[in-house]
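Enquirer: Have a look at the structure that comes next, please.
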Amino acid sequence: MSEAELEMYRAQIDEILEYIGKLNELDTANVAPMAQVLADDQSADATLREDVVAPCSIAGEILKQAPDPEPPYFRVPKVIER
Amino acid sequence: MTAAWTIDGVREALAAKKLSARELAADFYRRIAERNSELNAYLTLSEERAYSQAARMDALVAAGKPLPALAGVPIAIKDVISTRGVRTTCGSKILENYVPPYDATAVERLEAVGAVILGKTNCDEFAMGSSNENSAYGAVRNPEATDRVPGGSSGGSAAAVAAGLAVASLGTDTGGSIRQPGSFCGIPAMMGSYGRVSRYGLIAFASSLDRIGPFATNTRDVAAILGVIAGRDSNDSTSTTAPVPDYRAAMEKPVKGLRIGIPKEYFAEGMDDGVRKKIEAGIELLKKLGCELREIHMAHTDYAIATYYIIATAEASSNLARYDGVRYGLRVEDDSLLAMYRKTRGAGFGAEVKRRIVLGTYVLSAGYYNAYYLKGQKVRALIAQDFRDAFRKVDVIVTPTSPVPPFKLGERTNDPLQMYLADIYTVTGSLAGVPGISVPCGKICGKLPVGLQIFGPAFGEASVLQLAHAFEQAGGGSL
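See below:
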């Protein structure tokens, strides 16, 4: 981000955080946090399932979307210096 | 102008061989060619896919075989929903050339019952916005008043249907992004309960809030499409196994005696006078229909915006970390990996997306997690409790959809907080996970559409549609 962008965001985010500060009016010491919406058929671990291998035939198509593919890999700029 | 096509109208015309599915699709593409340069509702057209599906439907007609539920119905898809082989940009430069290798479950289900996918509709970048002005591909104009915004983030999906450039469309709603553009463009628009419709293939903004839902010209078509896309999908573990009722049958039930809650907190200061008058007239109409009105209290309404902008931005900052120039989308080259990440994200994301990533990263950061993110999750629990308490006393809740009518393009773009505050009536239901619809409730000065919002309890879509349908049939749209 540029200096000008940082300056703009700093002011706007300050204002938004100040507004968000109104949540401190509420006493939530005894409230359990809500992380997700659960339906009646779902328990808190409803998003877990058996870890079973399933066939996936679109690996080639997925790689085609990469900016710099070298099948079967994605290529990135060098991260390890000599 | 000819009367708008409906799902039943299309089926009857095809079955009676008044026209072919191919001719109908071609007619819609002709309309799009005429209006889209002005409205900017579509970003990408999927003609090849549409015509091959139309040919399949025409073959069924020729063979005298039964037609599926949405045979030949031209439908538009918001550009955050994946379509195999059809470019999907999320309204962002970072995905300008992204072509998904698979379909979203909702799209797959629509096509399985004969729908013809016309193309992809414009939206705020990654569905972040309330006016469609955050799209990297330009704003959409409101077909009802072309100097005004269509609402957002699903502005293109709403405008396409309102302008007769699709019979129906899919949008997504995270904090109001289906209901508010439905309200602004004068058409019914619905989000089912969280978990009702699979999110598989919906490119994530805030995973605990995102939902896919329909726009149409009438509530019966909304119900039909919701019925098709709803139901368990093993590819989305948050989708529920709860059975999908026949919404079209259920919505015909009489509404006499239905208990309607009117939350006092939704009628406080800040509402436009024109909107207030229309909503009050709408509530009068509900009384005439024999509904029982009850004033209720939803004590934490005033904290919903602050809560929403903590949770939605926190989830967005995590979800959008995947755009790193490695696996898909834009890459701006540099010799070092870190500089490549920075340049790619700096060039690929627009101003609102960056603002939300910064805010979301901040509220999740080690020193501020308890003060912001955890606090937000706790207040979210209080807001959800407000809804559960209310639904012990009433069957549905009625409110305005938006405190303001469609505003002028450019009028609000410089003040993000003011833009966020306009979501006040929709974000509550998003946080609670309940279903909601916006139905047309007249136009201010005969020009600017107003929407009436109806919330139901979790998985109470049938009651929501029942009241929306009765309201529409009683002339609520022309108040």
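In order, the protein sequence lines correspond to chains A and B.
According to this note's numbering, the first sequence is numbered sequentially starting from 3.
According to this note's numbering, the second sequence is numbered sequentially starting from 233.
The C-beta atom is built at its ideal place from N, Cα and C for all residues, glycine as well.
Residues of chain B with a CB under 7 Å from the CB of Val-81 of chain A: which are they?
Expert: Leu-569
Enquirer: DSSP on Ile-492 of chain B, reduced to helix/strand/coil?
Expert: strand
Enquirer: If you drop the 5 nearest sequence neighbours on each side, which residues of the same chain put their C-beta closer than 6 Å to that of Gly-674 of chain B?
Expert: Lys-510, Val-682 and Leu-711
Enquirer: When you compare each of B:Pro-413, B:Tyr-261, B:Arg-588 and B:Asn-450 to Phe-703 of chain B by their alpha carbons, which one comes out closest?
Expert: When each option's Cα is compared against that of Phe-703 of chain B, the closest is B:Asn-450.
Enquirer: Can you confirm whether the stretch 585 to 602 of chain B touches the stretch 628 to 642 of chain B when touching is taken to mean that 3 or more C-beta pairs between the two stretches lie within less than 8 Å?
Expert: no
Enquirer: Report yes or no: do three or more beta-carbon pairs, one from the stretch 247 to 260 of chain B and one from the stretch 377 to 386 of chain B, lie closer than 8 Å?
Expert: no
Enquirer: From this set, B:Ile-542, B:Phe-437, B:Ala-438 and B:Tyr-426, which residue's C-alpha is nearest Gly-445 of chain B's C-alpha?
Expert: B:Tyr-426
Enquirer: How do the stretch 370 to 378 of chain B and the stretch 388 to 401 of chain B stand: do at least 3 beta-carbon pairs fall below 8 Å, yes or no?
Expert: yes
Enquirer: To the nearest angstrom, how far is the alpha carbon of Asp-627 of chain B from that of Ser-401 of chain B?
Expert: Here the C-alpha atom of Asp-627 of chain B lies approximately 28 Å from the C-alpha atom of Ser-401 of chain B.
Enquirer: Can you find a C-beta in chain A that's less than 8 Å from the C-beta of Arg-559 of chain B?
Expert: yes
Enquirer: Determine the closest residue to Arg-431 of chain B out of B:Arg-644, B:Ile-326, B:Thr-472 and B:Lys-297, with distance taken between C-alpha atoms.
Expert: B:Thr-472
Enquirer: If I'm right that Leu-25 of chain A touches Tyr-535 of chain B with Cβ under 8 Å, what's the distance once you round it to whole angstroms?
Expert: 6 Å
Enquirer: Along the alpha helix (DSSP H) that carries Ala-548 of chain B, what are the first and last residues, could you check?
Expert: 536 to 551
Enquirer: Using the C-alpha atoms, what's the distance from Phe-619 of chain B back to Gly-613 of chain B?
Expert: Note on identity: in this sequence residue 613 of chain B is Ala, with Gly being the wrong assignment. Ala-613 of chain B and Phe-619 of chain B have their alpha carbons spaced roughly 10 Å apart.
Enquirer: How long is the line joining the alpha carbons of Ala-690 of chain B and Leu-275 of chain B, rounded to whole angstroms?
Expert: Approximately 34 Å between the Cα atoms of the pair.
Enquirer: Please identify the residue among B:Val-312, B:Val-331, B:Leu-397 and B:Leu-292 whose C-alpha is closest to the C-alpha of Ile-264 of chain B.
Expert: B:Leu-397
Enquirer: Name the chain B residues whose beta carbon is nearer than 8 Å to that of Ala-37 of chain A?
Expert: Close to Ala-37 of chain A, with beta-carbon spacing below 8 Å, are these residues of chain B in chain order: Ser-440 and Gln-609.
Enquirer: Met-233 of chain B by DSSP, collapsed to three states: which one?
Expert: The pLDDT assigned to Met-233 of chain B is 39, lower than 50, so where the model puts this residue is not dependable, and the model offers no usable value.
Enquirer: Got a sec: is the Cβ-Cβ distance from Arg-319 of chain B to anything in chain A below 8 Å?
Expert: no
Enquirer: What does DSSP give as the partner residue(s) for Thr-315 of chain B in the beta ladder?
Expert: B:Val-318
Enquirer: Hey, out of B:Arg-316, B:Tyr-334, B:Met-423 and B:Ala-583, whose CA is closest to Ala-6 of chain A's CA?
Expert: B:Ala-583
Enquirer: Measuring alpha carbon to alpha carbon, tell me which of B:Ala-622, B:Gly-561, B:Leu-518 and B:His-532 ends up nearest His-701 of chain B.
Expert: B:Leu-518
Enquirer: In angstroms with no decimal places, state the Cα-to-Cα distance between Tyr-601 of chain B and Asp-356 of chain B.
Expert: 28 Å
Enquirer: Hey, would you say Leu-350 of chain B sits closer than 8 Å to Ile-461 of chain B, going by beta carbons?
Expert: no
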